[in-house]
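Report on the structure given below.
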Amino acid sequence: MITSVTLLVLSLFALYIGAGWLVKGSTEIALKANVSHLVIGLTIVAFGTSAPELVVSINASLTGQGDIAIGNIVGSNIFNIAVILGISAVIHPLQAKRQLTRIDIPLLILATIVLTVLFWNGTLNRLEGSIFLIGIILYTTFSLYYSRKHEEKVEKSIGELEKQPEPWYKDILYLCGGLAILIFASHLLVNNAVSIAQELGVSEAVIGLTIVAAGTSLPELATSLVAALKKNPDIAIGNIVGSNLFNILAIAGTSSVIHPIVAKNVNYIDLLVMLGLTLLLLPVVKSGQKISRAEGWVLIVIYLCYLAWLLRDLI
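If you want it as structure tokens, here you go:
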């Protein structure tokens with residue numbers, strides 16, 4: 001138990017380092033390629049930080065642990081909105097760009113509704129997974145196209161780019177190195193967290209919805225917190241919206257195409273909490289086009305109430 005706790009703490013530190021590298025590399029690449037911070041957050045950063053969820057859900061699906069596979073997805077989406085956006089907003093109010101409220105969040109709401117309906121019976125088959133995979137391809141293509149057509153060009157005089165331009169390969173090394181650290185540290189954290197939870201006699205569904213979900217979402221947490229501290233709200237918000245879309249379209253899609261997912265203990269309440277938080281995201285962001293500190297606290301309280309309900313038998 002002591003060894004597991006020690007490794008868990010070390011993995012948390014590694015996640016912070018990896019997130020810093022990831023934000024640095026992606027920001028420089030965005031500036032040099034004239035791609036907005038928002039789209040970098042919605043694509044490269046969001047997809048990269050969702051890699052732990054992808055690996056965990058695929059492995060769980062292949063081994064017949066459907067509760068962990070789908071619980072990881074549902075729990076991560078809940079954690080991302082309620083905890084990560086909540087804490088990020090408390091640190092620094094998050095200003096939202098029009099693309100988020102007009103396009104990306106409505107698409108996330110649609111994807112969440114579809115997942116809720118399709119998984120209402122506790123199963124997700126290969127055909128349903130294929131629909132999600134088509135969706136992630138279309139979404140990624142559209143995001144890049146929209147950025148080129150509608151986002152303002154990034155001026156080369158911004159920040160350090162003009163003063164001390166870094167070679168492309170250094171930016172790519174930061175990006176790839178950050179992703180590698182995030183993925184490795186996430187595996188280390190989840191493996192030890194699951195070992196601790198199993199010793200305490202917690203069910204697979206609860207593990208998937210809480211420890212595994214929170215553990216695999218720590219890259220998003222670290223990345224968004226670093227972005228909020230550096231006052232890059234586009235990456236902080238775009239990372240979460242993109243990650244949640246990736247969780248549904250790519251992770252649920254890939255996992256169910258490889259092996260149909262059957263979960264007995266992830267129920268309608270978990271699905272409705274995920275859907276409710278996603279629906280709540282649109283009016284929250286539209287209120288002044290930002291997530292305020294007060295709204296951030298509300299999101300955190302909602303998660304604490306949900307967590308108390310999940311762990312009601314242990315309290």
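Mapping the sequence shown onto the UniProt record's numbering, position 178 (from 1) lands on 178, and the numbers just tick up by one.
Beta carbons are placed, not taken as given, at the ideal position from N, Cα and C, and that holds for glycine.
On a predicted model such as this, the values are computed, not experimentally measured, just so you know.
{"Asked": "Exposed unless 16 or more other CB atoms sit within 10 angstroms - verdict on residue 128", "Found": "buried"}
{"Asked": "Reference residue 31, options 194, 167, 10, closest by Cα", "Found": "167"}
{"Asked": "Reduced DSSP secondary structure (H/G/I, E/B, other) of residue 65", "Found": "coil"}
{"Asked": "Contact under 7 Å by Cβ, residue 194 with residue 23", "Found": "no"}
{"Asked": "Residue burial classification, residue 162 (beta-carbon count within 10 angstroms, cutoff 16)", "Found": "For residue 162, the predicted structure reports a pLDDT of 43, less than 50, and the residue's modelled location is therefore unreliable. A value from the coordinates is still provided. That one is exposed."}
{"Asked": "Cβ neighbours of residue 113 in the same chain (closer than 8 Å, five flanking residues each side left out)", "Found": "275"}
{"Asked": "Residue 122 beta carbon less than 7 Å from that of residue 209", "Found": "no"}
{"Asked": "Enclosing alpha helix (DSSP H) for residue 331 [first to last residue]", "Found": "Summary: the structure shown does not reach residue 331, with the chain confined to residues 1 through 315, and so no result is reported for it."}
{"Asked": "Residue 251 and residue 96 closer than 7 Å at C-beta", "Found": "no"}
{"Asked": "Coil, strand or helix - residue 296 by DSSP", "Found": "helix"}
{"Asked": "Buried or exposed by the 16-neighbour rule on C-beta atoms within 10 Å, applied to residue 294", "Found": "exposed"}
{"Asked": "Nearest to residue 265 (by Cα), restricted to the options 11, 66, 5", "Found": "66"}
{"Asked": "Rounded straight-line distance, which links the Cα of residue 169 to that of residue 178", "Found": "14 Å"}
{"Asked": "Opening and closing residue of the alpha helix (DSSP H) in which residue 233 lies", "Found": "233-246"}
{"Asked": "Coil, strand or helix - residue 161 by DSSP", "Found": "In this prediction, residue 161 has a pLDDT of 40, which is less than 50 and means its spatial position is unreliable; what the coordinates show is noted afterwards. Correct three-state label for residue 161: helix."}
{"Asked": "First and last residue of the uninterrupted alpha helix (DSSP H) at residue 217", "Found": "213-229"}
{"Asked": "Segment limits, alpha helix (DSSP H) that includes residue 24", "Found": "2-33"}
{"Asked": "Simplified DSSP assignment, three categories, for residue 97", "Found": "coil"}
{"Asked": "Contact check, residue 219 vs residue 94, beta carbons under 7 Å", "Found": "no"}
{"Asked": "Alpha-carbon spacing of residue 270 relative to residue 28, whole angstroms", "Found": "38 Å"}
{"Asked": "Residue 56 in three-state terms, based on DSSP", "Found": "helix"}
{"Asked": "Inter-stretch contact (C-beta, 8 Å, three-pair minimum) for the segment 293-307 and the segment 132-141", "Found": "no"}
{"Asked": "For residue 290, three-class secondary structure by DSSP", "Found": "strand"}
{"Asked": "Buried versus exposed, by CB contacts within 10 Å (16 or more), residue 318", "Found": "Outside the shown range of the chain, which is 1 to 315, sits residue 318, and nothing can be said about it."}
{"Asked": "Candidates 52, 198, 18: closest to residue 255 by CA position", "Found": "52"}
{"Asked": "Per-residue DSSP class, three states only, for residue 124", "Found": "strand"}
{"Asked": "Nearest candidate by alpha-carbon position, reference residue 260, set 309, 3, 130, 81", "Found": "130"}
{"Asked": "Distance CB(residue 248)-CB(residue 14) smaller than 7 Å", "Found": "no"}
{"Asked": "Residue interval of the alpha helix (DSSP H) (run including residue 256)", "Found": "253-258"}
{"Asked": "Counted within 10 angstroms of its Cβ, other Cβ atoms place residue 206 as buried (16 or more) or exposed", "Found": "buried"}
{"Asked": "Other residues of its chain near residue 160: CB distance less than 7 Å, five sequence neighbours each side excluded", "Found": "Model confidence at residue 160 stands at a pLDDT of 41, short of 50, so the residue's coordinates are unreliable; what they give is reported in the following sentence. If we look at residue 160 and ignore the five residues flanking it on each side, it has no Cβ neighbours."}
{"Asked": "Cβ-based neighbour list, residue 54, same chain, cut-off 6 Å, excluding 5 preceding and 5 following", "Found": "251"}
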